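Q:
Number of protein chains: 2
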Amino acid sequence: MTSIAMIEAAAARLKSHVRRTPLLSSPFLDGIAGRRLLVKAECLQHTGSFKFRGGWSAVSALTEEDRKRGVIAYSSGNHAQGVAAAAKAHGAPAVIVMPADAPQLKIRNTRDLGAEVVLYDRSGGESREAVGARHAEERGLTLIKPYDEPLVIAGQGTCGLEIAEQAAFEGVTRADVLVNCGGGGLSSGIALALEARAPGLRVRPVEPEGFDDVTRSLASGQVQRNSSQSGSICDAILTPQPGEITFPIVSRLCGPGVVITEDEAMRAMALAFLRLKIVLEPGGAASLAAALFHGDQIEGDAVVAVATGGNVDADLFREALTRYA
Amino acid sequence: MTSIAMIEAAAARLKSHVRRTPLLSSPFLDGIAGRRLLVKAECLQHTGSFKFRGGWSAVSALTEEDRKRGVIAYSSGNHAQGVAAAAKAHGAPAVIVMPADAPQLKIRNTRDLGAEVVLYDRSGGESREAVGARHAEERGLTLIKPYDEPLVIAGQGTCGLEIAEQAAFEGVTRADVLVNCGGGGLSSGIALALEARAPGLRVRPVEPEGFDDVTRSLASGQVQRNSSQSGSICDAILTPQPGEITFPIVSRLCGPGVVITEDEAMRAMALAFLRLKIVLEPGGAASLAAALFHGDQIEGDAVVAVATGGNVDADLFREALTRYA
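If you read the sequences in order, they're chains X and G.
Heads up: the first sequence begins at 1 in full-length UniProt numbering, then just goes up one per residue.
Heads up: the second sequence begins at 1 in full-length UniProt numbering, then just goes up one per residue.
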């Protein structure tokens, strides 16, 4: 079970390796959001997403022996890059199991970071969990799960420690914190950090339409599954259902989920380009879309949106600019 | 004459208003550059460029009476937005003289920041200096020149104070600091700050081919003019000749200039998109292009590139991605 002490221990291991990402803002975006909007730019993190935090947290906690044998992870891309980069920095071999339909950029980057990439078919056959477990056992690798792993949750929680400090510096002590949510590792990590360090800030998970398992689970009080596991441009935050470890935390600490459309994510990408000068992927822009276009579901004079990642293929980014910039 | 004391006074006035922009990096870019490459992301500054520093420095130093009458600036766009935003925050009216062929985004943003925009024809008729002086006199406005103004140079110098601290934190104490150079306000400001705070860091001005007045002036020891004043996509750094106040500083403190092509600037924009998740305009990416593609002209194991601005029209950005991402 991840505690604030584990999050602070992770922050100590990450110190001088993680990037303290800035809290950005624009008067133009405040105008659209109808309140003060602070954007935590985790797309500027190493490997282009917050996942580097969890990857580093887990790899840096391994024994020397386990580190030498290596690690394995399954991921649509951002966790893959985070683990691969962390493993490389620690001299640990890394095997990454990725869906064959993941963005080419993410697959290429993971390979370029020195990892061995194993592709699987997301729409059928073996589950990624099964593929990952098989390789882990055969080769004695340590499996680093993307969210249902206390050390990973602790690593993502370090983002929450920064938000607590940075929001206080901006004079914001009561606000919703919108977090893009797949399995809930980041939502639960940030929520635990805020519970201890900034209790006036409350996490609100954000999901794309059709993949709103966490939102529906929170509303019903029971774990709900998504009917599909692929087919959204928000590839970074597609998971079959809330995590076993993360959901009890999310359920205890987070406010209701917010659901956005793919179109809104694309508009948010274009506005982040125009107004913040950052590059976001659709799943990384969902929280910003919620802040901009679903203000009626948000409480307070200020809102924080965690812009979780920027690993988007150029074609899709161009499309967002063509339509909305 | 701008001194380190003036720069520190400007830093005090800017404190909690300016954004301390991050120093970004990517192992992929290090690989291309052939050395460690640190990118100072001033595109993340308020108004999307470093010009906010100089604008704030100048407006915040006005007397109450001058502030009430208002300010005027002439600018291809980034200085315009910097001055407009600073004036608005100080309750000062602002008139901005802009070339009619400036990027539409910059003209629109300047208006949206509350300034009155006066357009002029860059290729003929009155010079922008003449247009600016006429309006200033008629309406009692204080002219805030884009670079030949000690308070503006002091404001830009605050970027140099940050670079000195951030580079030392990264263990870099000897390196070339590549700075996109128009009139030389930023180059001279950073050079003065580094002279006092990080004497092992040396500014190298970077200019686009065909507009390399500073590079030629440095090489010949005499002020050289550009034959043309428009026609480059690097609109942010086109000036007729080195500044009267800035050039003696640049000449005393900076290393030789580096000249890049428009094509290299576009490639650097695409790489900044892919690897750093930031949006750069061509004139803001020239320094990065110099680091990536002109390494043979750079000394040392590390290099700093100041990515000065990100106010690029979506069409041009898409073109960079189409060609190079």
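Here a beta-carbon is modelled for each residue, glycine too, at the ideal position from N, C-alpha and C.
Model, not experiment: these values are computed from the prediction.
Report the CB separation of G/Leu-288 from G/Ala-325 in whole angstroms; it is logged as a contact under 8 Å.
A: About 14 Å separates the beta carbons of G/Leu-288 and G/Ala-325, which is beyond the 8 Å limit, so they are not a contact pair.
Q: In terms of residues, what are the limits of the alpha helix (DSSP H) holding X/Leu-201?
A: Careful: X/Leu-201 lies outside any alpha helix (DSSP H), inside the beta strand (DSSP E) at 201-208.
Q: Identify the continuous beta strand (DSSP E) that holds G/Pro-99 and give its terminal residues.
A: 94-99
Q: Keeping to the same chain, check which residues put their C-beta closer than 8 Å to that of G/Met-98; ignore five residues upstream and five downstream.
A: Tyr-74, Ser-75, Ser-76, Gly-77, Ala-80, Lys-106, Ile-107, Thr-110, Val-117, Val-118, Leu-119 and Tyr-120
Q: Indicate whether at least one CB of chain X lies closer than 9 Å to the CB of G/Arg-20.
A: Yes, G/Arg-20 counts as interfacial toward chain X.
Q: When you compare each of X/Val-177, X/Ile-153 and X/Ala-41 to X/Asp-301 by their alpha carbons, which one comes out closest?
A: X/Val-177
Q: Quick check: is the beta carbon of X/Arg-318 nearer than 9 Å to any beta carbon in chain G?
A: yes
Q: If you follow the alpha helix (DSSP H) that X/Glu-65 is part of, which residue opens it and which one closes it?
A: Run containing X/Glu-65: 64-69, per the alpha helix (DSSP H) assignment.
Q: Who does G/Thr-142 pair with in a DSSP beta bridge?
A: G/Val-71.
Q: Buried or exposed: which applies to G/Met-1, given that a residue is buried once 16 or more other Cβ atoms fall within 10 Å of its Cβ?
A: With fewer than 16 other Cβ atoms inside 10 Å of its own Cβ, G/Met-1 counts as exposed.
Q: Bridge partners of X/Asp-176, per DSSP?
A: X/Arg-202 and X/Val-303
Q: Just the Cα atoms here: how many angstroms apart are G/Ala-12 and G/Thr-261?
A: Looking at the backbone, the Cα of G/Ala-12 and that of G/Thr-261 are separated by about 38 Å.
Q: Do you know offhand how far G/Gly-55's Cα is from X/Arg-202's?
A: 37 Å
Q: Kindly indicate which three-state DSSP category residue 357 of chain X falls into: helix, strand or coil?
A: With chain X represented from 1 up to 325, any question about residue 357 of chain X goes unanswered, as that position is not in the structure.
Q: What whole-angstrom Cβ distance do G/Ile-278 and G/Ala-9 have, given they're in contact under 8 Å?
A: Not really, about 30 Å apart at Cβ, beyond 8 Å.
Q: Taking only three categories from DSSP, how would you classify residue 326 of chain X?
A: Because residue 326 of chain X is not part of the residues shown, which for chain X are 1 to 325, the question remains open.
Q: If contacts are defined as beta-carbon pairs under 8 Å, then G/Pro-93 and G/Gly-125 qualify, I think. What distance do you get, rounded to the angstrom?
A: Incorrect: roughly 25 Å between the Cβ atoms, too far for contact.
Q: How is the beta strand (DSSP E) around G/Lys-40 delimited, first residue to last?
A: 36-41
Q: Determine the chain X residues that contact G/Asp-112 at a beta-carbon separation under 8 Å, and present them in chain order.
A: Phe-28
Q: For G/Thr-215, which residues in the same chain have their Cβ closer than 6 Å to its Cβ, ignoring the five residues on either side in sequence?
A: Glu-207, Gly-257 and Val-259.
Q: Compute the distance between the beta-carbons of G/Arg-267 and G/Ala-314, then report whether it is under 9 Å.
A: Taking a C-beta distance under 9 Å as the contact criterion, G/Arg-267 and G/Ala-314 do not qualify as a contact pair.
Q: Relative to the alpha-carbon of G/Arg-53, which residue among G/Phe-169, G/Lys-15, G/Glu-64 and G/Leu-271 has its alpha-carbon at the smallest distance?
A: Considering only G/Phe-169, G/Lys-15, G/Glu-64 and G/Leu-271, the residue with the shortest C-alpha distance to G/Arg-53 is G/Lys-15.
Q: What does the alpha-carbon distance come out to for the pair G/Gly-200 and G/Gly-157?
A: When rounded, the separation of the alpha-carbon atoms in G/Gly-200 and G/Gly-157 is 16 Å.
Q: In this structure, what does DSSP give as the bridge partners for residue 327 of chain X?
A: What is shown of chain X runs 1 to 325, which leaves residue 327 of chain X out entirely.
Q: Given a cut-off of 9 Å on the beta-carbon distance, is the pair X/Gly-182 and X/Pro-150 in contact?
A: no
Q: Of the choices X/Ala-175, X/Lys-68, X/Phe-247 and X/Ala-102, whose alpha-carbon is the least far from that of X/His-90?
A: X/Lys-68
Q: Of all the residues that make up the segment 46-74 of chain X, which are near chain G by a beta-carbon distance shorter than 7 Å?
A: Gly-48
Q: Are X/Arg-139 and X/Val-95 touching if we call contact CB-CB under 9 Å?
A: It is a contact, given that the beta carbons lie within the stated cut-off.
Q: What in chain X is Cβ-close to G/Arg-279, meaning under 9 Å?
A: In the sequence as displayed, the identity of residue 279 of chain G is Val instead of Arg. Simply Ala-272, Phe-273, Leu-274, Leu-276, Lys-277, Ile-278 and Val-279.
Q: So does the segment 283-297 of chain G actually touch the segment 242-250 of chain G, counting three or more Cβ pairs closer than 8 Å?
A: Fewer than three pairs of CB atoms, one per stretch, sit closer than 8 Å, so the segment 283-297 of chain G makes no contact with the segment 242-250 of chain G.
Q: Identify the contact partners of X/Ala-325 in chain G, using a Cβ-Cβ distance below 7 Å as the criterion.
A: Ala-314
Q: Are the beta-carbon atoms belonging to X/Leu-192 and X/Ile-233 less than 9 Å from one another?
A: no
Q: Of all the options G/Asn-311, G/Arg-318 and G/Arg-323, which has the alpha carbon lying nearest to the alpha carbon of G/Gln-45?
A: Selected option, being the one with the closest Cα: G/Asn-311.
Q: Is the Cβ of X/Cys-43 closer than 9 Å to any Cβ of chain G?
A: yes
Q: Relative to the C-alpha of X/Ala-272, which candidate in X/Val-83, X/Ala-102 and X/Leu-38 has its C-alpha closest?
A: X/Leu-38
Q: For X/Phe-50 versus X/Gly-309, is the C-beta spacing smaller than 9 Å?
A: Between X/Phe-50 and X/Gly-309, the C-beta spacing is below 9 Å.
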